[in-house]
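Numbering (this note's numbering), first residue to last: 130 to 392. Beta carbons are placed, not taken as given, at the ideal position from N, Cα and C, and that holds for glycine.
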């Protein structure tokens with residue numbers, strides 16, 4: 130769809146922007162022997178053909194700039210504070226031993242979920258979500274509580290039932306699940322990589338460490354109300370304003386380049 134839309138826009142002389150929100154080269158190389166340089170070369174040509182490429186974080190902007198991507202524009206994310214908030218009680222099996230360490234998301238190889246499942250942690254590890262690795266991981270880790278996919282209010286209540294949200298991904302560009310967990314009052318444990326570095330950083334709402342096990346244990350001490358306070362810095366209203374501002378900038382750039390080519 131993106132390729133077709135870009136082709137039509139160029140043909141009809143219409144300004145257009147793109148959005149870089151998935152580290153596709155890393156996802157692809159996790160499954161197939163495709164060099165990262167090949168994938169990035171193709172993506173660079175596609176995104177540079179537009180009048181602006183929107184990125185969610187400073188880390189991603191720095192990475193793509195170093196790879197030759199141009200006209201990068203910041204477009205952050207938000208969280209629905211009316212849906213994702215602390216809830217009384219737990220929706221999990223009351224027989225599960227605490228503390229509860231939870232991961233929410235697609236159960237797939239690129240999410241590095243095995244790094245979470247192999248941790249030696251007290252209490253219970255819980256995985257919320259679906260994906261191609263679900264059945265095989267359920268067989269391999271029978272001690273882990275897999276809930277399957279959850280949505281809406283049920284998803285929010287599952288977040289709020291956790292003591293720590295463990296995010297083992299090394300390939301996310303942002304990590305909306307981080308904001309959702311924090312908005313529910315749940316501290317985060319993650320690796321110090323793109324996404325967590327930008328969302329958590331030094332905010333005190335989580336622990337970032339190359340030792341994910343130590344990070345998960347340390348995160349138990351973080352006040353839950355502070356996590357929500359940090360998450361609410363990200364609003365969809367601000368995200369929408371950024372998007373519209375970027376669209377205006379892209380149109381101005383397009384008109385400027387058009388005038389220059391005519392002259």
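Classification of residue i by the beta-carbon crowding that lies within 10 angstroms, buried from 16 upward
i, result
"residue 195", "exposed"
"residue 327", "buried"
"residue 171", "exposed"
"residue 318", "buried"
"residue 239", "buried"
"residue 128", "Past the edges of the chain, shown from 130 to 392, lies residue 128, and the structure says nothing about it."
"residue 375", "buried"
"residue 339", "exposed"
"residue 154", "buried"
"residue 143", "exposed"
"residue 367", "exposed"
"residue 152", "buried"
"residue 316", "buried"
"residue 381", "exposed"
"residue 398", "This structure leaves residue 398 out entirely; the chain is present only between 130 and 392."
"residue 190", "buried"
For residue i, three-class secondary structure by DSSP
i, result
"residue 313", "coil"
"residue 337", "strand"
"residue 363", "coil"
"residue 288", "helix"
"residue 232", "strand"
"residue 160", "coil"
"residue 114", "Outside the shown range of the chain (130 to 392) lies residue 114, about which nothing can therefore be said."
"residue 306", "helix"
"residue 319", "strand"
"residue 197", "coil"
"residue 148", "strand"
"residue 203", "strand"
"residue 377", "helix"
"residue 208", "coil"
"residue 280", "coil"
Proximity to residue i [Cα-Cα], best of the options
i, options, result
"residue 206", "252, 342, 148 and 248", "148"
"residue 250", "294, 298, 258 and 290", "294"
"residue 262", "164, 160, 365 and 330", "160"
"residue 243", "232, 325 and 253", "232"
"residue 175", "197, 187, 185 and 304", "197"
"residue 185", "204, 143, 168 and 169", "204"
"residue 334", "260, 353 and 253", "353"
"residue 179", "140, 209 and 158", "140"
"residue 252", "145, 344, 229 and 350", "229"
"residue 306", "325, 273, 211 and 248", "325"
"residue 217", "255, 308 and 290", "290"
"residue 283", "193, 215 and 332", "215"
"residue 296", "245, 278 and 358", "245"
"residue 280", "212, 191 and 369", "212"
"residue 351", "320, 183 and 314", "314"
"residue 257", "248, 277, 241 and 266", "277"
"residue 150", "384, 285, 158 and 201", "201"
"residue 309", "337, 260, 363 and 265", "363"
"residue 311", "210, 337, 224 and 301", "210"
Host beta strand (DSSP E) of residue i (start-end)
i, result
"residue 299", "Unbroken run through residue 299: none, as it is neither H nor E."
"residue 328", "Note, residue 328: premise wrong, no beta strand (DSSP E); alpha helix (DSSP H) at 325 to 328."
"residue 254", "253 to 257"
"residue 274", "274 to 277"
"residue 184", "182 to 184"
Residue i, enclosing alpha helix (DSSP H) - first and last residue
i, result
"residue 267", "263 to 269"
"residue 405", "With the chain running from 130 to 392 in the structure shown, residue 405 is simply not present."
"residue 244", "242 to 246"
Cβ-heavy atom distance, residue i to the ligand ZN, below 7 Å
i, result
"residue 158", "The ligand ZN is absent from the structure shown, which contains no ligands of any kind."
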